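So the protein lines, in turn, are chains W and R. The first sequence begins at 1 in UniProt numbering and counts up one residue at a time. The second sequence begins at 1 in UniProt numbering and counts up one residue at a time. Every residue gets a Cβ at the ideal spot worked out from N, C-alpha and C, and that includes glycine. Note that the structure is a prediction, hence the values are computed from the model and not measured. In what follows, a structure is listed as structure tokens, so that the remarks can point back to it.
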Amino acid sequence: MVSKTEETQLNRLENQVDNGGGGAWEYLCLVRKLKVRRSEKVLKHGLSILNDIKKRSSLGPDEWTLYEQVAIAAMDCQCLDVAKDCIRLLRKSFPESKRVGRLEAMLLEAKGAWAEAEKAYSSFLEENPLDQVIHKRRVAMAKAQGNISGAIEWLNKYLEIFMADHDAWRELAEIYVSLQMYKQAAFCYEELILSQPTVPLHHLAYADVLYTLGGLENLQTAKKYYASVIDLTGGKNIRALFGINLCTSAIGQLAKGRNKEDKESSELQSLAATALEKDYKQRAPDKLSLLTTALKSLKVSS
Amino acid sequence: MALNLGFVVGILGVVILSHAAYSTVQYRGLLKIMEEEFSGPPLNVVVELLLGLVLCMWAALTVPGTFLSIHPHSEENRIVSLPANLDFMIFNHRARVFPVEMDLNLKH
């Protein structure tokens with residue numbers, strides 16, 4: 001989870017490091033902690049630390065963590081030579097390590113040697129059939145080869161064993177959304193909301209999926225979830241505010257004539273619209289006219 | 001500096017409290033000699049007690065650290081993005097077509 005303060009801190013450090021202000025190690029630690037994907041920067045700044053013997057030896061045992069981080073970043077940037085060198089050094093200091101073995105298999109993946117990588121992963125799984133990371137790598141490998149249905153199959157098998165793994169649920173939901181299988185995606189997001197009820201982004205994604213599915217009942221539920229996002233973020237999520245407006249006008253179109261709770265819903269819509277206008281006035285005054293026309297068209301159609 | 005100040009105030013509070021306890025014990029001893037019933041500590045001891053309580057409380061609230069927000073929408077708690085799902089990271093994306101324009105090497 002990346003909170004607002006952590007995001008600002010990350011951006012500040014990134015700026016500082018990019019402009020040569022130092023603090024590269026802190027930046028790399030923060031990237032690792034927040035699990036964000038900044039491979040190019042990690043590669044650049046990580047290598048600058050690793051190539052400087054003085055800086056490298058001052059890290060102590062953390063040096064090896066950095067080698068691993070840089071190796072993965074290098075694979076992500078397709079700098080396979082760097083990755084190979086890092087893994088070679090790691091292998092030299094940890095000859096028996098499975099974690100290094102995993103990196104070697106990932107290098108095979110990055111090269112595109114799918115059959116060899118698959119062989120390596122299956123031999124790991126024979127030794128330890130409950131290694132979660134290896135299972136996930138197999139899913140990723142199926143996805144990388146374009147075998148999406150295979151990836152779904154692997155993921156479903158994986159989730160039968162490790163039901164509490166919310167990262168895997170999120171991955172499955174995103175795959176389903178990419179295939180436009182919204183009903184299945186909605187189920188995954190329900191699981192996510194159950195396991196992490198305080199994360200507004202799951203509520204938001206669930207509401208988005210329900211809004212896309214359409215239908216009066218789904219739209220009403222979507223509106224409720226958009227409202228819960230506003231509740232959890234204190235009204236600072238623009239997407240949720242727009243969602244409320246869109247849902248209200250869509251419901252108004254569907255339920256023409258039968259306006260039972262019309263008054264309450266229009267009040268919610270006008271509140272959301274006011275919040276949006278206030279935010280636009282503060283942060284992007286030149287785009288305010290665009291917003292007002294958009295909101296007006298929504299109100300006219302309802 | 002703030003920690004030191006809070007610490008000194010805390011010690012002062014504890015000293016005042018123990019002094020209040022000592023004076024109460026002494027007062028009871030005096031009452032025993034005068035053969036009167038003990039109904040409550042004298043007013044100046046009560047004032048001393050309250051003062052010690054306030055000082056100790058202030059120190060206990062400031063010395064250990066600052067308070068963290070529990071509101072879900074505060075800046076520290078508001079989640080703005082989820083971590084990239086790095087366990088499912090895949091490598092055949094556009095980096096393969098657009099390699100990084102840097103001469104990077106591990107030099108050892």
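Endpoints, the beta strand (DSSP E) within which residue i is located
{"i": "S81 (chain R)", "result": "I79 to S81"}
CB contact check: residue i to chain W, cutoff 8 angstroms
{"i": "I11 (chain R)", "result": "no"}
{"i": "S23 (chain R)", "result": "no"}
{"i": "L82 (chain R)", "result": "yes"}
{"i": "L68 (chain R)", "result": "no"}
{"i": "L51 (chain R)", "result": "no"}
{"i": "V45 (chain R)", "result": "no"}
Other residues of its chain near residue i: CB distance less than 6 angstroms, five sequence neighbours each side excluded
{"i": "L108 (chain W)", "result": "E116 and A117"}
{"i": "I251 (chain W)", "result": "L219"}
{"i": "Y182 (chain W)", "result": "V209, T212 and L213"}
{"i": "A205 (chain W)", "result": "Y189"}
{"i": "A84 (chain R)", "result": "none"}
{"i": "A83 (chain W)", "result": "A71, A74, M75 and L107"}
{"i": "R38 (chain W)", "result": "V31"}
{"i": "I134 (chain W)", "result": "Y121, F124 and L125"}
Min CB distance residue i to chain R below 8 angstroms
{"i": "C188 (chain W)", "result": "no"}
{"i": "S270 (chain W)", "result": "no"}
{"i": "R239 (chain W)", "result": "no"}
{"i": "S3 (chain W)", "result": "yes"}
{"i": "T198 (chain W)", "result": "yes"}
{"i": "K236 (chain W)", "result": "yes"}
{"i": "K278 (chain W)", "result": "no"}
{"i": "T292 (chain W)", "result": "no"}
{"i": "C29 (chain W)", "result": "no"}
{"i": "S302 (chain W)", "result": "Confidence at S302 (chain W) is low in this model, with a pLDDT of 46, below 50, so its placement is unreliable and the value that follows should be read with caution. S302 (chain W) does not count as touching chain R."}
{"i": "K183 (chain W)", "result": "no"}
{"i": "L232 (chain W)", "result": "yes"}
{"i": "K296 (chain W)", "result": "no"}
Close-in-space but distant-in-sequence residues of the same chain around residue i (CB under 7 angstroms, 5 per side omitted)
{"i": "A275 (chain W)", "result": "G235 and L241"}
{"i": "I87 (chain W)", "result": "A71, V100, L103, E104 and L107"}
{"i": "S297 (chain W)", "result": "none"}
{"i": "L216 (chain W)", "result": "I251, L254 and A255"}
{"i": "F224 (chain W)", "result": "Note on residue identity: the sequence assigns Lys, not Phe, to residue 224 (chain W). So the list is empty, once near-sequence residues are dropped."}
Beta-carbon contacts of residue i that lie in its chain and below 8 angstroms, excluding the five residues immediately before and after
{"i": "K237 (chain W)", "result": "First, the amino acid is wrong: residue 237 (chain W) is Asn here, not Lys. So the qualifying residues of the chain are P200, L204, V229 and I230."}
Terminal residues of the alpha helix (DSSP H) in which residue i lies
{"i": "V100 (chain R)", "result": "No alpha helix (DSSP H) contains V100 (chain R), which DSSP labels as neither H nor E."}
{"i": "I134 (chain W)", "result": "Q132 to A144"}
{"i": "K107 (chain R)", "result": "Neither: K107 (chain R) is in no alpha helix (DSSP H) and is coded neither H nor E."}
{"i": "H202 (chain W)", "result": "P200 to L213"}
{"i": "residue 324 (chain W)", "result": "Given that chain W is displayed from residue 1 to residue 302, the structure contains no residue 324 (chain W) and the question cannot be resolved."}
{"i": "F124 (chain W)", "result": "W114 to E127"}
Practice prompt. Kindly provide the ranges of any beta strand (DSSP E) runs that are 3 or more residues long and lie completely inside the segment 221 to 293 of chain W, ordered along the chain.
Written response: none
Item to complete: Compile a chain-ordered list of the residues in the segment 207 to 226 of chain W whose CB is closer than 7 angstroms to at least one CB of chain R.
Response: none
Fill in: Within the segment 19 to 50 of chain W, ranges of the alpha helix (DSSP H) (whole runs, at least 4 residues)
24 to 34 and 39 to 50
Discussion item. To be precise: take each residue of the segment 87 to 98 of chain R, compare its Cβ to all Cβ atoms of chain W, and keep it if any distance is under 7 angstroms. Which residues remain?
Written reply: D87, F88, M89, I90, F91, N92, A95 and R96
Item to complete: May I ask you to list, following chain order, the residues of the segment 35 to 63 of chain W that have a beta carbon less than 7 angstroms from some beta carbon of chain R?
Response: K35, V36, R37, E40, L43, K44, L47, L50 and N51
Worksheet item: What are the uninterrupted segments assigned as alpha helix (DSSP H) that are 4 or more residues long and contained completely in the segment 51 to 109 of chain W, given in chain order?
Response: 53 to 59, 62 to 76 and 80 to 93
Item to complete: Go through the segment 26 to 85 of chain R residue by residue and report every complete run of the beta strand (DSSP E) that reaches 3 residues or more, in order.
Response: 79 to 81
Worksheet item: Between the segment 85 to 105 of chain W and chain R, which residues of the former have CB atoms less than 7 angstroms from a CB of the latter, in chain order?
Response: D85 and C86
Discussion item. Please give me, in chain order, every unbroken run of the alpha helix (DSSP H) with length at least 4 that falls completely inside the segment 145 to 169 of chain W.
Written reply: 148 to 161
Item to complete: Please list the residues of the segment 141 to 175 of chain W that have a C-beta atom closer than 7 angstroms to any C-beta atom in chain R, keeping them in chain order.
Response: K143, A144, D167, R170 and E171
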